[in-house]
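Here is the structure we will look at, set down as structure tokens.
In my numbering, the protein residues as written are 4 to 254.
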């Protein structure tokens, strides 16, 4: 069994196991609780790793979107030595690495701007603009805080186009390493050990943070200033998940 994914929940990150180590996949659609316990009442997916592999396999993949705005690539390997039946042992080591560049909304014409009026739909520019908008206590627009650039006007107020910095698909990097060995103790008994380590990194880009601020003096005292903190740049969420697994036993 593989432990649940590091971000919580009950799902398993199957990307932590390199494809090059897998011999076949078995899917039991009916409940397997009699064999695997109550967690398997809804079915079981078994990833069967190579048991007696000898030699070396190396694989590589590279791809680019049809619009040339996002690329990805991967490398994998599997190496094994020792014949279990003749030598009494077998060792397999495999690994995989993946890189996927982010795809930004601005890179695609359809999502390049939140000005949907070009398609006959209402625009959805944010009222939290860098130059600021003033709203009364009933959240009704009153005035611009500072003069708005012509290309950011959204009616009388100033708008911020959030699609200029958001991602459609996050960038990601991941890698894993898997090793397993079997030793033939006798004709009926096998000892085995497995070791696995995996890391996955994900990056998400969001627009600079908006900030409502209370105006405390002047003709708009008591009103709210809707602005955006452009000085600190876009909000970037970089996540990393690490996992390791060590299993020994006999059958």
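We put the beta carbon where it would ideally sit given N, CA and C, even for glycine.
Cut-off 6 Å between Cβ atoms - residues of its own chain near residue i, not counting five sequence neighbours on either side
i, result
"residue 102", "76, 176"
"residue 182", "96, 198"
"residue 82", "59, 96"
"residue 116", "164, 166"
"residue 251", "196"
"residue 213", "131, 231"
DSSP state of residue i mapped onto helix, strand, coil
i, result
"residue 90", "helix"
"residue 190", "coil"
"residue 141", "coil"
"residue 153", "helix"
"residue 220", "coil"
"residue 64", "strand"
"residue 203", "strand"
"residue 114", "helix"
"residue 104", "coil"
"residue 24", "helix"
"residue 18", "helix"
"residue 96", "strand"
"residue 130", "coil"
"residue 121", "helix"
heavy atom of the ligand GDP below 6 Å from residue i C-beta
i, result
"residue 82", "The ligand GDP is not part of this structure, which contains no ligands at all."
With 16 other Cβ atoms within 10 Å as the buried cut-off, status of residue i
i, result
"residue 143", "exposed"
"residue 20", "buried"
"residue 62", "exposed"
"residue 153", "exposed"
"residue 93", "buried"
"residue 249", "exposed"
"residue 201", "buried"
Assumed close pair residue i, residue j - CB separation to whole angstroms, cut-off 8 Å
i, j, result
"residue 195", "residue 173", "37 Å between Cβ atoms; not a contact."
"residue 242", "residue 205", "5 Å"
"residue 331", "residue 26", "A query on residue 331 cannot be resolved here, the shown segment of the chain reaching from 4 to 254 and no further."
"residue 31", "residue 15", "Actually they are not in contact, since the Cβ atoms of residue 31 and residue 15 sit about 15 Å apart, beyond 8 Å."
"residue 210", "residue 169", "6 Å"
Beta-carbon proximity list for residue i, same chain, < 8 Å, skipping 5 on both sides
i, result
"residue 239", "206, 207, 208, 209"
"residue 70", "110, 111"
*asked:* Under 8 Å: do the segment 215–233 and the segment 124–144 share three or more Cβ pairs, one atom per stretch?
replied: With contact defined as three or more Cβ pairs closer than 8 Å, the segment 215–233 and the segment 124–144 are in contact.
*Is the segment 153–166 in contact with the segment 126–135, if contact means three or more CB pairs nearer than 8 Å?*
These segments touch.
*Check whether the segment 179–187 touches the segment 228–237, counting contact only when three or more Cβ pairs, one atom from each stretch, lie closer than 8 Å.*
Judged by Cβ distances under 8 Å, the segment 179–187 makes no contact with the segment 228–237, as fewer than three pairs qualify.
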